[in-house]
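Number of protein chains: 2
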Amino acid sequence: MMQAVQFAPNPVTRLPEPPRSTERQSRCSTCSLHHLCLPTGLGEAEMQRLEKIVVNRRKVPRDSALYCTNDTFNNLYAIRLGHFKTHQVTFDGGEQITGFQMAGDLVGMDAISTERHHSYAVALEDSEVCEIPFVKLEELFAEIPSLLRHFHRMMSHEITRDQNAMLLLGNMRAEQRFANFLVNLSSRYKARGYSATSFQLRMSREDIGNFLGLTIESVSRLISRFKKQGWIKVSNREIEVVDLETLKAVAMGASQAH
Amino acid sequence: MMQAVQFAPNPVTRLPEPPRSTERQSRCSTCSLHHLCLPTGLGEAEMQRLEKIVVNRRKVPRDSALYCTNDTFNNLYAIRLGHFKTHQVTFDGGEQITGFQMAGDLVGMDAISTERHHSYAVALEDSEVCEIPFVKLEELFAEIPSLLRHFHRMMSHEITRDQNAMLLLGNMRAEQRFANFLVNLSSRYKARGYSATSFQLRMSREDIGNFLGLTIESVSRLISRFKKQGWIKVSNREIEVVDLETLKAVAMGASQAH
DNA sequence: CGATGATTTGAAGGAGTTCAAACTTAGTGG
DNA sequence: CCACTAAGTTTGAACTCCTTCAAATCATCG
């Protein structure tokens with residue numbers, strides 16, 4: 001799985017002069033995630049051009065923000081390591097988590113329209129991102145059509161993802177929401193080469209509840225119920241999916257007796 | 001306001017050879033919506049290049065679909081006249097309206113990622129759209145950077161719009177949701193040069209309820225309550241906002257006694 | 001005018017919340 | 001290594017906002 005990373009004890013600050021990192025791992029072409037991330041579908045030569053603008057990596061300690069609402073927009077971020085949550089904040093202090101992001105995911109696209117971020121991105125664990133200066137990315141678009149095409153796919157995918165979340169929040173019962181949540185995580189880990197049936201929840205029960213439009217107590221009760229049904233095994237944040245097929249059926253709306 | 005349009009009694013079918021319409025109204029440069037729509041920010045010459053690929057207009061009769069889930073993706077559509085709803089459908093027949101679109105809005109962007117539509121777009125009244133062949137639009141991107149930039153803004157804006165809807169569905173009480181709905185419509189009509197306080201609801205109560213994650217009865221009760229509070233006047237689908245400031249306050253979470 | 005579909009209103013019920021308390025885990029310092 | 005603490009989680013019981021079910025009213029259009 002993902003190995004631990006060393007972090008300075010204090011909040012990491014961005015260097016005024018980003019160091020031109022040339023170590024092998026910082027290059028897209030050698031990154032294990034390039035088939036999921038922005039360089040998807042690029043040839044070797046094109047990937048090297050992309051690498052030239054993605055020179056800066058940034059460590060984000062657990063619970064610290066990669067960006068905040070109203071921050072001016074400069075970069076998109078590709079998650080290299082770790083997990084994030086993105087959330088909106090209401091005027092009266094309410095919070096809605098709009099997504100959980102993992103390695104290979106791109107965050108910050110909501111800021112393009114106004115050149116200010118519309119959400120917070122917070123690391124759920126010590127994490128690491130590749131900084132993608134958007135102005136330079138735009139220059140590359142003119143030169144690498146397939147990069148532009150894939151960028152459009154990623155933005156479009158974010159739209160469908162958000163609309164599916166609307167479907168979940170507006171139309172589904174608690175049980176169905178939680179089943180969806182688990183099935184979604186399962187498939188995303190699978191796509192990354194990890195186990196589809198055994199993984200760790202990187203977020204708290206509270207975060208899960210917030211994302212699903214439920215209270216923490218409801219989430220806890222759902223976990224207990226799913227465990228009792230024999231669909232999952234849970235130990236703290238460690239999840240083992242025992243009956244993925246049934247979970248998928250419940251996610252699709254098969255109502256079950258309690 | 002928007003004038004009525006003549007429609008054939010039967011569902012409109014797309015012509016195999018799109019007629020090269022050259023009437024003045026079909027041109028972006030003379031369209032009253034170009035400051036809201038895709039050509040925003042383009043110069044005269046650039047707008048004329050865009051016009052060359054947006055040759056096809058299409059009438060969409062009330063209640064008929066502009067596109068359906070799983071349709072292959074060829075075009076984006078700019079709404080020229082009328083109103084649409086977009087919605088997702090669940091496996092078990094459930095439906096979630098993900099947005100209401102009006103003149104100047106762009107629909108179909110969710111289809112870019114898989115080249116198949118992920119939703120339905122249905123006309124709420126007899127409407128008219130400009131067909132934008134995406135392949136040709138991509139070619140233009142290479143030639144008109146400001147067009148690409150604005151397209152990114154529009155996609156990004158769709159993302160923030162959807163995330164705000166998640167906030168609404170996941171975090172707000174019924175009263176707050178409905179106030180948000182009204183304030184949102186108000187500001188969109190205002191941006192289009194119409195009255196911010198007096199407009200017609202183009203969608204049924206059922207559609208409103210579905211969009212807001214509420215039942216039709218709840219919507220009806222909210223309308224009655226808002227009317228009784230003196231915040232709005234309602235006659236069928238005609239709305240007059242009497243106290244926009246209070247509505248905004250309620251939308252932001254100011255809880256009111258009933 | 002009469003029929004059909006949409007909307008409103010009322011009353012009862014329920015899914016999930018709220019409040020409260022017990023329990024578990026992880027982190028800290030002795 | 002263990003006691004102690006604080007934070008996170010689970011469980012129980014009462015409540016509430018919204019839903020569901022039912023019926024009345026209204027709008028539209030042949």
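Protein sequences, first through last, are from chains A and B.
Sequential numbering from 1 applies to the first sequence in UniProt numbering.
Sequential numbering from 1 applies to the second sequence in UniProt numbering.
C-beta atoms are modelled at their ideal positions from N, C-alpha and C, and glycine is treated no differently.
In terms of DSSP beta bridges, what is residue i paired with?
{"i": "B/Arg149", "result": "Per DSSP, none; premise fails for B/Arg149."}
{"i": "A/Thr86", "result": "A/Gly99, A/Ala121"}
{"i": "B/Pro39", "result": "B/Pro39 is not bridged to any residue."}
{"i": "B/Lys233", "result": "B/Glu240"}
{"i": "A/Leu106", "result": "A/Ala78"}
{"i": "A/Gln200", "result": "A/Glu238"}
{"i": "B/Ile132", "result": "B/Leu76"}
Mark residue i as exposed unless 16 or more other C-beta atoms lie within 10 angstroms of its C-beta, in which case mark it buried.
{"i": "A/Cys68", "result": "exposed"}
{"i": "B/Asn171", "result": "buried"}
{"i": "A/Val135", "result": "exposed"}
{"i": "B/His35", "result": "exposed"}
{"i": "A/Arg177", "result": "buried"}
{"i": "B/Ala103", "result": "buried"}
{"i": "A/Gly93", "result": "exposed"}
{"i": "B/Asp207", "result": "buried"}
{"i": "A/Lys85", "result": "buried"}
{"i": "B/Asn75", "result": "buried"}
{"i": "A/Pro18", "result": "Reliability fails at A/Pro18, whose pLDDT of 40 lies under 50, so the model's placement of it is uncertain and no value is given."}
{"i": "A/Glu115", "result": "exposed"}
{"i": "A/Glu143", "result": "exposed"}
{"i": "B/Gln3", "result": "Residue confidence is low: B/Gln3 scores 34 on pLDDT, short of 50, so the model does not pin down where it sits. No coordinate-derived value is stated."}
{"i": "A/Thr98", "result": "buried"}
{"i": "B/Phe181", "result": "buried"}
{"i": "residue 265 of chain B", "result": "The requested residue 265 of chain B does not occur in the structure, where chain B is confined to residues 1 to 258."}
{"i": "B/Gly209", "result": "buried"}
{"i": "A/Phe141", "result": "buried"}
{"i": "A/Asn70", "result": "exposed"}
{"i": "A/Asp63", "result": "exposed"}
What three-state label does DSSP hand residue i in the structure shown?
{"i": "B/Cys28", "result": "helix"}
{"i": "B/Leu247", "result": "helix"}
{"i": "A/Tyr189", "result": "helix"}
{"i": "A/Arg161", "result": "helix"}
{"i": "B/Arg57", "result": "strand"}
{"i": "A/Phe91", "result": "coil"}
{"i": "A/Thr69", "result": "coil"}
{"i": "A/Arg80", "result": "strand"}
{"i": "A/Ile223", "result": "helix"}
{"i": "A/Ser113", "result": "coil"}
{"i": "A/Asn75", "result": "strand"}
{"i": "B/Ser218", "result": "helix"}
{"i": "B/Asn208", "result": "Residue identity differs from the one stated: residue 208 of chain B is Ile in this sequence, not Asn. In the structure shown, B/Ile208 sits in a helix (DSSP, three-state: H, G or I)."}
{"i": "residue 269 of chain A", "result": "Nothing can be reported for residue 269 of chain A, as the shown portion of chain A is limited to 1 through 258."}
{"i": "B/Met172", "result": "coil"}
{"i": "A/Met47", "result": "helix"}
{"i": "A/Ser195", "result": "coil"}
{"i": "A/Ser156", "result": "helix"}
{"i": "A/Arg177", "result": "helix"}
{"i": "B/Ala254", "result": "coil"}
{"i": "B/Leu167", "result": "helix"}
{"i": "B/Leu182", "result": "helix"}
{"i": "A/Leu137", "result": "helix"}
{"i": "B/Pro9", "result": "With a pLDDT of 32 at B/Pro9, under the threshold of 50, the modelled position of this residue cannot be trusted, and the question is left open."}
Between residue i and residue j, how many whole angstroms is the CB-CB distance? I'm expecting something under 8 Å.
{"i": "B/Ser187", "j": "B/Ala196", "result": "7 Å"}
{"i": "A/Ala65", "j": "A/Ala121", "result": "6 Å"}
{"i": "B/Ala78", "j": "B/Ile132", "result": "6 Å"}
{"i": "B/Glu46", "j": "B/Leu147", "result": "7 Å"}
{"i": "B/Cys37", "j": "B/Glu51", "result": "In fact, because the Cβ distance is near 12 Å, the residues do not count as touching under 8 Å."}
{"i": "A/Phe199", "j": "A/Phe100", "result": "Contact doesn't hold; Cβ gap of about 12 Å is too wide."}
{"i": "B/Ser224", "j": "B/Arg205", "result": "B/Ser224 to B/Arg205, Cβ: 11 Å. No contact."}
{"i": "B/Leu201", "j": "B/Arg237", "result": "4 Å"}
{"i": "A/His87", "j": "A/Ser119", "result": "6 Å"}
{"i": "B/Gly41", "j": "B/His152", "result": "Not a contact, Cβ separation roughly 12 Å."}
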